[in-house]
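These notes are about the structure you will find just below.
Residue numbers (mature numbering (1 follows the signal peptide of the UniProt record, and there is no 0)): -21 to -1, 1 to 183.
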């Protein structure tokens, strides 16, 4: 009888140990599951916290299909602005602008036509003596540094495409030219080149 009682106690003890172990394992799994769930949620929050891209606004005009103000991502280029405005219109001077230039917020892009570029290159003028590129020249034929496109500036003697782009970029970065002498602040325009251009340009 004593042996039977002892055996029963041993069996009861073993069963209790098994139940305890199973409960412990279940709790461990639950904790692991919770950690994984929390970790997944944390990773999801990190994705949601990514900053939205900065947007800029540019005014696209001239020979494009849909002129107007367009919003683009910061770092966009002139080609992106033209595409956002519906692409080039028929007769647009596609090579008159540097399509790879990075845009700045608030700037205006004017795509000239082939006729306008040809008129500027030949120095053509209307009946009043004013060149056909409206707003960029005066009655005396001077090119307005604050309104001229790169194509118009390129038509000036001694000013190639590179210098013309530098003039436009300086104007956009530093604001309008206050005097003709401010042209000297543009890289590549020294005293000699300025002397050749001084009587051909104006500000206003």
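Ideal placement from N, C-alpha and C gives every residue a C-beta, glycine not left out.
Which of the three DSSP states is assigned to residue i in this structure?
{"i": "residue 168", "result": "coil"}
{"i": "residue 60", "result": "helix"}
{"i": "residue 68", "result": "coil"}
{"i": "residue 92", "result": "strand"}
{"i": "residue 143", "result": "helix"}
{"i": "residue 151", "result": "helix"}
{"i": "residue 51", "result": "strand"}
{"i": "residue 36", "result": "strand"}
{"i": "residue 43", "result": "strand"}
{"i": "residue 81", "result": "strand"}
{"i": "residue 182", "result": "coil"}
{"i": "residue 159", "result": "helix"}
{"i": "residue 175", "result": "helix"}
{"i": "residue 8", "result": "Model confidence at residue 8 stands at a pLDDT of 44, short of 50, so the residue's coordinates are unreliable and nothing is read from them."}
{"i": "residue 137", "result": "coil"}
{"i": "residue 106", "result": "Since pLDDT at residue 106 reaches only 41, below the 50 mark, its modelled position is unreliable, and the value read off the structure follows with that caveat. In this structure, residue 106 counts as coil in the three-state DSSP scheme."}
My assumption, with CB atoms under 8 Å, is that residue i sits in contact with residue j. Please give the rounded CB distance.
{"i": "residue 130", "j": "residue 60", "result": "Residue 130 to residue 60, Cβ: 16 Å. No contact."}
{"i": "residue 80", "j": "residue 53", "result": "Between residue 53 and residue 80 the Cβ distance is about 14 Å, and since that is not below 8 Å, they are no contact."}
{"i": "residue 82", "j": "residue 57", "result": "7 Å"}
{"i": "residue 152", "j": "residue 84", "result": "Not really, about 12 Å apart at Cβ, beyond 8 Å."}
{"i": "residue 96", "j": "residue 40", "result": "Between residue 40 and residue 96 the Cβ distance is about 16 Å, and since that is not below 8 Å, they are no contact."}
{"i": "residue 124", "j": "residue 182", "result": "5 Å"}
{"i": "residue 126", "j": "residue 149", "result": "With 8 Å as the limit, residue 126 and residue 149 do not qualify as a contact, their Cβ atoms being about 14 Å apart."}
From this set, the options, which residue's C-alpha is nearest residue i's C-alpha?
{"i": "residue 167", "options": "150, 138 and 63", "result": "138"}
{"i": "residue 179", "options": "159, 165, 77 and 163", "result": "159"}
{"i": "residue 140", "options": "78, 87 and 157", "result": "78"}
{"i": "residue 38", "options": "32, 62 and 162", "result": "62"}
{"i": "residue 70", "options": "46, 155, 171 and 42", "result": "42"}
{"i": "residue 32", "options": "48, 55, 46 and 47", "result": "55"}
Please list, in chain order, all residues of the same chain as residue i whose beta carbon is under 7 Å from its beta carbon, the five residues on each side excluded.
{"i": "residue 44", "result": "64, 65, 66 and 68"}
{"i": "residue 86", "result": "37 and 151"}
{"i": "residue 136", "result": "175"}
{"i": "residue 171", "result": "none"}
{"i": "residue 121", "result": "179, 180 and 181"}
Excluding the 5 residues flanking residue i on each side, which residues of the same chain have their C-beta closer than 6 Å to its C-beta?
{"i": "residue 206", "result": "The structure shown has nothing for residue 206, since the chain only spans -21 to 183."}
{"i": "residue 75", "result": "91, 96 and 130"}
{"i": "residue 50", "result": "34 and 36"}
{"i": "residue 128", "result": "89 and 91"}
Among the residues of its own chain, which have a CB less than 8 Å from the CB of residue i, if the five just before and after it don't count?
{"i": "residue 169", "result": "163"}
Three-pair Cβ contact test at 8 Å for the segment 143 to 155 versus the segment 170 to 181: At 8 Å Cβ cutoff, the stretches do not touch.
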